[in-house]
Amino acid sequence: MASAFLAATVLATGTLIAPATANAQASQSYDIPAGSLAAALNRFVEASGVALVYDSALTSGLSSSGLKGSFGTVEALSRLLAGTGLTYRQTGPNAFTLERAPQAAAGAVQLGPVRVEGDGAGATGRYANIQESGTGPVVGYVAKRTATGTKTDTAITEIPQSVSVVTADQVEALKAQSLTEALAYTPGIARLEGYDRTSDGFMVRGFEAYAGGGSIYRDGTKYTANLYDGQQEPYGLERIEILRGAASVLFGSAAPGGIVNTITKKPTDTPLHELNLELGNYSRKQISADFGGPLTEGGALSYRLTGLMRDSDTFIDHVPDNRIYIAPALKWQPATGTSLTLLGFYQRNRTTYAYGLPPVGTLFANPNGAIPSTFFVGEPDYDKYEGEILSAGYQFEHGLAEGVTLHNSLRWLRADIAFPNVSGDYLDTDQRSLIRSAYDRWDRSSTISSDSSVEVRRATGGLTHTILMGFDYTRQHFETERYTRTIDPIDIYAPVYGAKPGDPMPMGWSSMSKSDRFGVYLSDQIKAGKRWVIVLGGRHDWSRDRTSPFFTPSWTTDKSSAFTGRAGVVYLGENGLAPFVSFSQSFEPQSGTDSAGERLKPTRGEQVELGLRYQPVGSDVLLSAAVYQLKQRNVVSYSPDYSFANQTGEVRSRGVELEAKANLSASFSLIGAYAYTDAKITKSNNPDELGHRQHGVPRHQASVWGEYRFAVQALPGTFKVGLGARYVDDIPSIWWAGDLTVPGYTVFDGMLAYETEGWRFSANATNLADKKYISNCTYGSCFYGNRLQAIGAVRYRW
C-alpha cells in the first residue's frame, strides 16, 4: 500500500513541471495576436515564465488587442490589460494576481495599472492593498487568514495552533460531495464510519468530532443538536476550517481533538452569476446556481442566492442521494465599519442510512464468498431517511470607535427527521442468512446560538494588542422517538426483498434532552515589534443538561462549570519561518451517574503543541509541521464485566502532522498532507484495554493532490489536469469475537477540465481505479469505502 502511495506522489509532483522563473524587469520578445484575453494571457505566461493567478470569470468575454515587440514583464502585462477593466498586483518577484480595477472617472482613459503588494499599510502603488479576509473567498488552494483560530481576522502564521483551511476552489477541484470528502486531503482527519449521507462525523487527532457533540460549527456558532440531522452541503460553503487540538477557550464545550467550522457563502460586492449542470454514474443528475452582487448603486445593499438540486443513486443498492438546498443572504452596509448580514438556508435530504455488513464476508473469508459492496441490508419499501433543515440568522458588525468593533451573531436552526430503518444484527450459522431488526425513528431538534464580543486593537509601549472580550449562549433541544419491530432474515447472497416488519414496540432509547451553554471569554493577541506574537486567553463556561425518557417523562438535571485557558507564542522570521509553541485546554459536559451514584463530571482535555510554518515572502505557499501531545481525563471507564464504572479513564494522543498548500505558479498547484497519530488508552478499569489503540484511528495517513494548468496554442482558454492519492494505514476496531484490524488502503482521484471565456467543462473521478476496500468497522459492522464516483460537469459564469 505504501509503495503505491509513493508512486502516486512521484506521479503527482514529478511530472507536473512549472514554467521556468523569469526576471520581472528583463525585456522579452512577444508576438501575441489579438483575440480573447484568456488566450493572450496564457501565451504571455508561456513567454515570460511568470506566475499569474486569477479567477477565469474575470476574463470571461474580454478581448485583447495583442502584443508585439520587446517589453519588460510589467509593461507587457499592463499593455495586455489596457482597456479591459482589470488590474494586477505583484505578489512576488515573478508572481502576479489579476483583479478588477477601480472604476475610472467619466471620460478618463482606463489603462492596465501597476499595483505592488506590500505588508498592509506599507503597500505602494496607485491603489491601496486589498487584504484577504479571514471569512471571505480565496483564489486557489492557499488561504492566508482565518477567523476560526482566534475569533478575529488573523494571519494563519500568527496563530500558535494548527489550522487548516479548505477553500471553495479546492472543493470544486475535488468535486467533494460532503465535508468528509472535502477534508480527505487534510492531516489528522479520519472518517467516523463508512459511506453515509445522513451525518457529518470525524476522528480528529484521535477523538470523535461530530454534529450534535459540540465540535461542528457554522459561521462560528454551534450547528445542530443531533448527529443525524443531515450533512452540510459543500456547495453552500465559502471555506471549511479545522482548528486542531483543544479549543474550548474559543468555543466552549467540545471534544479535545478539534473544531470544524464552516463558512457560509455571503453577499458579494461585485456581480456574480454561475450556473452548473452535473451528470454522473449511479444515474446522477444535479443542477446548481450561485448569484450575488450589489442591489443598489454604491453597493450599500448586496445579496447572495445559492441553490442546488440533486437526484442520484449510489453504489449501494436502494440508497439514493437526493437533495435540495437553497440559501439566500442579504447584506446592508450603510456606512464604513457597519454591516448587517442576514443568512438563511433550507435543506431537504432524501436518502437511506447504509448499515454496515458482517466482518465474516467482508474482512474475513466466508464459505459463501465475499459480500457484494452493493448489498443493501434493509427493505427498499420500508427504509428511508427524510430530513428537513431550516436555518436563519444574522451577523452584525459596528465600529464603536477607532480600533473598537462590536460583533454580534445569532443562528436558529430546526431539523425534523423521519428515519425508519432495518439493521443487520449478525449472521446465522449458515453464514449467509442475516438476522435483522427493524426500527421506526423520528428525531426533532432545534438550536439557537449567539455570540457577542467587543474587539479592541490598541498599540501601547511598543506592543500591539488585539483584545477580544465577549460571551456566547447556546440552547439546544432534541427528542428522539423510537420503536422496534421484528423482521425476517435475508439471504445476503440471494436477497429477496419485501419482508413486512412486525408490530412496533416502544424503545428505551427514546428520550428528550434540553441543554443550555453560557460562556464568557477574554483573549489578547500581543504583537511585540514585527517578530513576536503572544496569544493568551481564558474562558469560563456554565452548562445545564436536562434529560428524560420520551414515553414516561421524568427529568434529570446535570449542571457543571469549567475554566479553560490557552497560551502560545509565535516567532515570525524574516525568511518566512514561523515556529510556535502552545498550551490549550478543553472540556465536555457528561450526563448520567457512575456506579456510586455520583453525577458525571465533564471530561477535561489538555494539549501541548510545537509547530513550524513556512510562508516565503510574496509567495502563495504555506507549509506547516506540528508535533503534539493531547490528553483527555475523566473518561468513563468500565470493569471487564461492565458491572462497575467510574471516571478514572484516560486517553492520550501523540502525533506528527505535515501539510503543504501551494500555488507554485500559474501552471501548478499542490496539496500534501501526512499525519502520524498514536492514540492510546492509558488508564482504564479494564486491564485488557490498557495500551490499546483508540478504535477508528489509523496510525498513518498521507495524501497528495497536484493540479497542472496549460494552454494549447490552437485553442483559447486553459486546460487543467489533477491527480491525487490517499493512503490510510490499518485501522483498529472491535467486535464480539475480540479485536479486529481493518487493512490499510490507497485510492486515487482524478480531474480533467477545460476553461474558456466563462465556460468550464470538467470530469472528476473519485476512487479512480474503482478499488473495493473496507473503510472502517464499528461495533461489529464493516463499511465498504466509496466505489468509483464519476461526475461530468458544465459551468458557466458571466
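In my numbering, each residue's number is its place in the sequence shown (first place is 1) plus 150. Virtual Cβ for every residue (Gly too), placed ideally from N, Cα, C.
A straight line joining the alpha-carbon of Thr237 with that of Val316 spans about 27 Å.
Counting along the chain, no beta strand (DSSP E) covers Ser741, and no H or E run does either. The continuous beta strand (DSSP E) containing Ala359 extends over residues 357-360.
According to the DSSP assignment, Leu187 belongs to no beta strand (DSSP E) but to the alpha helix (DSSP H) extending over 187-198.
If the five residues before and after Pro444 are omitted, its C-beta is found closer than 6 Å to the C-beta atoms of Ser452, all from its own chain and listed in chain order. Take Pro752, set aside five residues on each side of it, and the residues of its chain with a beta-carbon closer than 8 Å to its own are Ser403, Ser693, Ser710, Ala712, Phe737, Glu738, Pro739, Gln740, Asn784, in chain order. Taking Glu282 as the centre and dropping the five residues before and after it, the same chain places the C-beta of Val288, Ala293, Lys294, Arg295 closer than 8 Å to its C-beta, in chain order. When DSSP reads this structure, Ile637 sits in no beta bridge, so it has no partner.
Nearest to Pro530 by alpha-carbon distance, out of Tyr496, Val572, Phe546, is Val572.
With the rule of 3 Cβ pairs closer than 8 Å, the stretch 620-627 counts as touching the stretch 657-676. The Cβ atoms of Ile466 and Phe526 sit closer than 8 Å to each other.
Of the candidates Ala332, Ile884, Ser349, Tyr373, Tyr373 places its Cα closest to the Cα of Ala542. Residue Ala795 holds the alpha-carbon nearest to the alpha-carbon of Ser745 among Ala795, Val767, Ala816. In the DSSP assignment, Thr706 falls within the unbroken beta strand (DSSP E) covering 706-721. Ile366 is not a Cβ neighbour of Val354, given a cutoff of 8 Å.
Straight across, the Cα-Cα distance linking Gly688 with Gly715 is about 4 Å. Annotated three-state conformation of Glu552 is coil, per DSSP. By the neighbour-count definition (other C-beta atoms within 10 Å, threshold 16), Leu550 is an exposed residue. Short of 6 Å from the beta carbon of Gln436, and not among the five residues preceding or following it, lie these beta carbons of its own chain, in chain order: Glu428, Arg460. When the alpha-carbon of Arg763 is set against those of Glu724, Leu584, Pro417, the nearest one is in Glu724. Phe668 carries a strand assignment under DSSP once its states are collapsed to helix, strand and coil.
Secondary structure of Asp369 (DSSP, three-state): coil. In the displayed model, Leu865 falls within coil according to three-state DSSP, outside both helix and strand. Residue state for Asp379 is assigned as helix, using DSSP reduced to three classes. Per the coordinates, the alpha-carbon of Ala332 lies some 11 Å from the alpha-carbon of Leu387. Between Glu809 and Ala823, the C-beta spacing is below 8 Å. With fewer than 16 other Cβ atoms from the protein chains shown falling within 10 Å of its own Cβ, Ala609 counts as exposed. For Ser599, the three-state secondary structure derived from DSSP is strand. Taking Tyr647 as the centre and dropping the five residues before and after it, the same chain places the C-beta of Glu529, Pro530 closer than 7 Å to its C-beta, in chain order. If you draw a 10 Å sphere on the C-beta of Ser179, you find fewer than 16 other C-beta atoms in it, and that means exposed. The C-beta of Glu759 has 16 or more other C-beta atoms within 10 Å across all chains shown, which makes the residue buried. Ala397 sits in coil when the DSSP states are folded into three classes, being neither helix nor strand. Listed in chain order, the non-local C-beta contacts of Ser462 below 8 Å within the same chain comprise Gly430, Tyr432, Ser433, Arg434, Lys435, Gln436, Pro470, Asp471, Asn472, local neighbours out to five positions each way being set aside.
One alpha carbon belongs to Gln320, the other to Ala190, and they sit about 26 Å apart. Here the alpha carbon of Gly407 sits roughly 23 Å from the alpha carbon of Tyr788.
A straight line joining the alpha-carbon of Ala326 with that of Leu613 spans about 43 Å.
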